[in-house]
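Going by UniProt numbering, the sequence shown opens with residue 1, and the numbers climb by one from there. Idealized CB from N, CA, C, for every residue including glycine. This structure is a prediction, so every number in the text was calculated from the model and none was measured.
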Amino acid sequence: MSNILVAYFSASGVTARAANALAEAADADLYEILPAVPYTDADLDWTNKKSRSSVEMNDPTARPALAGELPDLTWYDTIFLGFPIWWYTAPSIIKTFLEAGDFSGKKIALFATSGGSGLGHTDRDLQSVCPGAVIQNGKLLNGSQDVESLASWAKRT
Ligand SMILES: Cc1cc2nc3c(=O)[nH]c(=O)nc-3n(C[C@H](O)[C@H](O)[C@H](O)COP(=O)(O)O)c2cc1C
């Protein structure tokens, strides 16, 4: 068991690949944040204002339920938290995750994949629901990742 955790949500597999690469490079434990109700292609249609993702992302109080148990966070000092960028920030389920566990005193480094947008104000958006942790924007991990640069980022974090 490592004292570093890579936790991620991925709706269509891109962030999952980045998270796997990071966990391997950092010799970290890996945890997938799974929604109780999986997202369908229709749910992910950002061109439809009535799709599930649009409705959730337009509602600051939306907290999509998680499937399964949270990992035991006791031993982790640093958590790398990954997700796809949705509407320039983190999907609402990331807030569900942060509110479900005790992250006080933890360092949380964010990473994401996207169609091109950066992390923007995501650190601030998430800090407000998890005031006890220190949340910082980290890296956009679009495309294939170099193991050495992931490992050195993990070391520096
Ligand atoms: C609802 C929704 C909103 C999105 N919003 C953005 C966005 O604001 N900026 C961007 O660059 N990409 C956006 N994307 C694209 C995803 O961030 C990108 O495809 C990501 O790599 C998907 O990761 P995943 O396969 O792990 O779910 C959006 C995708 C969806 C489904």
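Excluding five sequence neighbours on each side, which residues of the same chain lie with their C-beta closer than 6 angstroms to the C-beta of residue i?
i      : result
Ala25  : Val147, Leu150, Ala151
Ala23  : Val6, Leu30
Phe97  : Ile33
Ala154 : Ala26
Lys107 : Thr78, Val134
Cys130 : Leu98, Phe103
Ala109 : Phe80, Gln136, Gly138, Thr157
Quick test of your reading: residue i and residue j, contact by CB under 8 angstroms. State the CB separation rounded to the nearest angstrom.
i      : j     : result
Tyr39  : Ser53 : 7 angstroms
Ser114 : Leu81 : Their Cβ separation, rounded to whole angstroms, is 15 angstroms, which puts Ser114 and Leu81 out of contact at 8 angstroms.
Pro35  : Leu66 : 7 angstroms
Ile4   : Ala28 : 4 angstroms
Taking the beta carbon of residue i as the centre, do at least 16 other beta carbons fall within 10 Å, making it buried, or is it exposed?
i      : result
Ala18  : buried
Leu70  : exposed
Ser144 : exposed
Pro64  : buried
Trp75  : exposed
Ala42  : exposed
Thr122 : buried
Trp86  : buried
Gly68  : exposed
Gly138 : buried
Glu99  : exposed
In chain order, what residues of the same chain have a beta carbon less than 8 angstroms from the beta carbon of residue i, not counting five sequence neighbours either side?
i      : result
Gly105 : Gly132, Ala133
Gln127 : Ala133, Ile135
Ser51  : Ala42, Asp43, Leu44, Asp45
What does DSSP give as the partner residues of residue i in its beta bridges?
i      : result
Gln136 : Ala109
Phe80  : Val6, Ala109
Asp59  : DSSP output for Asp59 lists no bridge partner at all.
Asp29  : Leu5
Pro35  : Leu66
Thr89  : Trp86
Go through its chain and collect everything with a Cβ distance to residue i's Cβ below 7 angstroms, but skip five positions before and after it.
i     : result
Tyr88 : Ser117, Gly120
Phe83 : Tyr8, Phe9, Thr15, Ala90, Pro91, Ile94, Ala112
Counting only C-beta atoms, is residue i closer than 9 angstroms to chain D at any point?
i     : result
Ser12 : Chain labels in this structure do not include chain D; a single protein chain is all it has.
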